[in-house]
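There are 2 protein chains.
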Amino acid sequence: MTEIAAPPHPFDAAVTLRAAEDGRTRGRTTPDYTNMVGPFGGVTAAALLRAVQQHPDRLGDPISLTVNYAGPVADGDFDITARAVRTNRTNQHWQLELTQDGVVATTATAVFGTRRDTWSDTELDVPEVPSAETVPARTLPEFIAWARNYEMRFVEGAVPEQDAGEHPDSTTTLWVRDTPARPLDFPALTALSDVFYPRVFLRRGRYMPAGTVSLTVYFHADAAQLDTQGDDFVLGTARTHRFSQGYFDQAAQLWGRDGTLLATSHQLVYFKD
Amino acid sequence: MTEIAAPPHPFDAAVTLRAAEDGRTRGRTTPDYTNMVGPFGGVTAAALLRAVQQHPDRLGDPISLTVNYAGPVADGDFDITARAVRTNRTNQHWQLELTQDGVVATTATAVFGTRRDTWSDTELDVPEVPSAETVPARTLPEFIAWARNYEMRFVEGAVPEQDAGEHPDSTTTLWVRDTPARPLDFPALTALSDVFYPRVFLRRGRYMPAGTVSLTVYFHADAAQLDTQGDDFVLGTARTHRFSQGYFDQAAQLWGRDGTLLATSHQLVYFKD
């Protein structure tokens with residue numbers, strides 16, 4: 001009798017890294033997470049985080065991650081080099097590069113560390129929203145392949161219909177989770193922080209060339225707090241502060257259904273109108 | 001007759017870099033910008049930005065900067081290496097390291113680029129505050145040397161007195177400028193983005209060990225918009241979203257007096273209570 005192992009979740013397949021020469025690790029883009037140009041930036045960020053997580057020298061869990069999208073990632077293999085530039089008693093600083101055929105496509109820095117009990121407080125209020133079950137699921141347009149891996153229930157700021165016209169603000173709030181369902185972990189949370197389509201589409205009511213230049217994620221929860229979320233929905237909200245001269249920022253929060261602020265995230269996005 | 005040149009502004013002295021061996025540049029900490037441990041993080045960030053600005057390969061102006069404070073910077077000389085990892089048509093990605101005696105103290109990444117006219121909008125509202133002239137100037141405690149280089153007029157959330165007791169929120173809003181006055185430019189704006197003392201001091205009403213782990217600045221204004229500010233006050237506001245397990249985030253905005261959103265900034269801070 002031949003036993004057939006279940007295939008991995010598409011997200012795990014997309015962030016699988018295997019050892020390569022010179023201490024590098026090698027991954028491969030998957031069609032499941034294709035964006036308009038190259039792979040979904042969130043999954044690239046998750047693969048970079050994963051490279052640190054599985055590095056033998058790694059200390060603790062993710063504290064912060066910054067990813068700079070320097071150029072397009074082509075379909076196929078990519079190499080990641082992860083270097084611990086400094087290890088302190090409770091934290092560790094990493095520099096990363098993602099290359100294809102020796103050309104840098106993405107750079108990143110990460111801080112990992114151990115956490116300990118201290119005075120704590122979440123000062124920000126959870127957005128007041130209806131429960132996930134009462135909000136209809138909605139898909140992104142078919143040509144955005146990666147979005148098919150997320151169940152999205154938009155509370156406000158859904159993707160505009162073609163020629164929807166201008167929208168007064170840039171806020172999108174949604175319940176979101178992987179589909180098929182998958183327990184939340186740091187790479188999945190990293191990818192979720194980039195799940196918001198470019199805010200300029202919402203404001204202008206139409207699509208246009210736009211791409212993340214730099215993405216930063218601050219992890220506010222530890223592994224145990226992520227475990228608690230299981231494969232439940234996460235509440236995400238994102239908005240822009242200023243659009244100017246071909247760039248805008250996008251600030252996001254990701255909340256657990258239990259009211260835990262799991263991560264805050266920021267990105268700077270290029271656009272061409 | 002001997003002509004004596006005016007000494008440079010203390011800020012310019014603190015971010016002066018001279019060419020060193022192997023394409024590196026060398027700077028030197030100045031007592032003017034000393035913090036509790038090592039130099040003020042804002043001036044270190046400004047020196048890193050400056051290293052890119054004066055690099056012969058530099059394209060355009062700053063778009064984003066992320067600085068990771070990996071370890072303390074000792075008083076004395078430091079070396080900066082700046083490497084353009086990828087140059088595109090309209091933007092350029094940099095990796096930087098600040099070392100002392102070959103040990104990495106700080107790493108950074110920066111995106112520089114050219115800007116062009118597009119649809120623009122500032123979606124965030126300017127905080128409603130009294131004019132700078134009607135708010136009294138206040139100094140930080142004498143042992144925080146760097147703060148003496150800033151004129152600070154706190155609208156809310158001034159530095160707590162010793163044993164002030166808990167404060168209900170973490171927001172500080174202030175009018176701030178270099179003293180002596182100095183025209184605003186990208187390095188000065190970078191330093192200003194770190195001018196907010198750690199939010200945990202305000203919430204807890206007391207000092208404790210705290211230090212920035214990672215700082216990101218998004219530049220929303222171009223050089224002409226900075227020039228327009230002259231040496232006038234900038235309105236800064238900062239707050240925290242979550243304090244948890246020895247870390248908290250700090251989100252800041254810097255506005256020109258004319259209502260221009262000049263920069264938004266984020267940092268993750270370590271604290272020990």
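Protein chains in written order, with UniProt numbering: chain A, 1 to 273; chain B, 1 to 273. Note that beta-carbon positions come from the ideal geometry of N, C-alpha and C, so glycine has one too.
Query: Mind reading off the beta-carbon distance from glutamine 54 of chain A to leucine 98 of chain A? Whole number of angstroms is fine, and I expect it under 8 Å.; Result: No, glutamine 54 of chain A and leucine 98 of chain A are not in contact; Cβ-Cβ is about 15 Å, not under 8 Å.
Query: In whole angstroms, what is the alpha-carbon distance linking serine 131 of chain B and glutamate 156 of chain B?; Result: 13 Å
Query: Find the residues of chain A that neighbour threonine 25 of chain B, judging by a C-beta separation of less than 7 Å, and give them in chain order.; Result: Here the premise fails: no neighbours, minimum Cβ distance about 19 Å.
Query: Give a yes or no on whether 8 Å exceeds the smallest Cβ distance from serine 193 of chain A to chain B.; Result: no
Query: How would you write the range of the beta strand (DSSP E) that aspartate 249 of chain B sits in, first residue to last?; Result: 247 to 256
Query: Quick one, which of B:Asp227, B:Val200, B:Gly42, B:Asp22 has its alpha-carbon nearest asparagine 149 of chain B's?; Result: B:Gly42
Query: Could you tell me how far apart the beta carbons of isoleucine 63 of chain B and valine 15 of chain B are, in whole angstroms, since I believe they sit closer than 8 Å?; Result: Actually they do not touch by this definition, with Cβ atoms about 19 Å apart.
Query: For leucine 124 of chain B, go through chain A and note every residue whose CB falls closer than 9 Å to its CB, in chain order.; Result: Arg239, Thr240, His241, Arg242
Query: Short of 8 Å in beta carbon distance, which residues of its chain neighbour leucine 124 of chain B, apart from the five on each side in sequence? Order them along the chain.; Result: Gln253, Leu261
Query: Measuring CA to CA, which of B:Pro168, B:Glu161, B:Ala82, B:Val217 is closest to threonine 139 of chain B?; Result: B:Glu161
Query: Assuming the contact rule is C-beta atoms closer than 8 Å, aspartate 194 of chain A and alanine 45 of chain A should be a hit. Round their C-beta distance to whole Å, please.; Result: 6 Å
Query: Whole beta strand (DSSP E) runs in the region 6 to 83 of chain B with 3 or more residues, listed along the chain?; Result: 25 to 28, 61 to 69
Query: Since phenylalanine 186 of chain B is in the alpha helix (DSSP H), which residue starts that stretch and which ends it?; Result: 186 to 192
Query: Going along chain A in order, which residues have a C-beta closer than 7 Å to the C-beta of alanine 86 of chain B?; Result: Note on identity: in this sequence residue 86 of chain B is arginine, with alanine being the wrong assignment. Those are Ala70, Gly71, Val104, listed as they occur along chain A.
Query: Where does valine 213 of chain B sit, in a helix, a strand or coil, going by DSSP?; Result: strand
Query: Using a C-beta to C-beta distance shorter than 8 Å, which residues of chain B count as neighbours of glutamine 229 of chain A?; Result: The contacting residues do not exist; glutamine 229 of chain A stays about 15 Å from chain B at best.
Query: According to the neighbour-count rule (16 or more other Cβ atoms, all chains shown, within 10 Å of its Cβ), is glycine 113 of chain A buried or exposed?; Result: buried
Query: Output yes if chain A places a C-beta closer than 8 Å to the C-beta of serine 131 of chain B; else output no.; Result: no
Query: Rounded to whole angstroms, what is the Cα-Cα separation between glycine 256 of chain A and threonine 122 of chain A?; Result: 13 Å
Query: Between the beta-carbon of arginine 206 of chain A and the beta-carbon of aspartate 163 of chain A, is there less than 8 Å?; Result: yes
Query: Name the chain A residues whose beta carbon is nearer than 8 Å to that of phenylalanine 78 of chain B?; Result: Ordered by position in chain A, no residue passes the 8 Å Cβ test against phenylalanine 78 of chain B, which lies about 14 Å from the chain.
Query: Of the residues B:Arg199, B:Thr87, B:Leu226, B:Thr134, which one's Cα is nearest the Cα of threonine 190 of chain B?; Result: B:Leu226
Query: Does the Cβ-Cβ distance between phenylalanine 271 of chain A and glycine 246 of chain A come in under 8 Å?; Result: yes
Query: So the candidates are A:Ala263, A:Asp61, A:Asp273, A:Arg24; which of them puts its Cα closest to the Cα of valine 200 of chain A?; Result: A:Asp273
Query: Could you work out which residues of chain A lie near phenylalanine 271 of chain B, taking near to mean beta carbons separated by less than 8 Å?; Result: Thr118
Query: With DSSP run on the structure shown, which of helix, strand or coil describes asparagine 88 of chain A?; Result: coil
Query: Mind checking which residues open and close the alpha helix (DSSP H) that includes threonine 228 of chain A?; Result: 223 to 229
Query: Am I right that residue 286 of chain B and aspartate 75 of chain B are in contact with their C-beta atoms under 8 Å? What's the rounded C-beta distance?; Result: With chain B running from 1 to 273 in the structure shown, residue 286 of chain B is simply not present.
Query: Strictly by DSSP, which residues pair up with tryptophan 175 of chain B?; Result: B:Arg153, B:Leu235
Query: How would you write the range of the beta strand (DSSP E) that phenylalanine 243 of chain B sits in, first residue to last?; Result: 242 to 244
Query: 8 Å is my cut-off, CB to CB: does histidine 167 of chain B come that close to chain A?; Result: no
Query: Could you tell me which chain C residues have their CB closer than 9 Å to the CB of threonine 81 of chain B, listed as they occur along the chain?; Result: In the structure shown, chain C does not exist; the protein chains are A and B.
Query: Which one of B:Arg50, B:Asp12, B:Val73 has the shortest CA to CA distance from valine 37 of chain B?; Result: B:Val73
Query: Verify the CB distance criterion: does histidine 220 of chain B have a CB-CB separation below 8 Å to chain A?; Result: yes
Query: Whose CA, out of A:Trp119, A:Phe196, A:Thr179, lies closest to the CA of aspartate 232 of chain A?; Result: A:Thr179
Query: Rounded to the nearest angstrom, what separates histidine 266 of chain B and arginine 116 of chain A at their Cα positions?; Result: 22 Å
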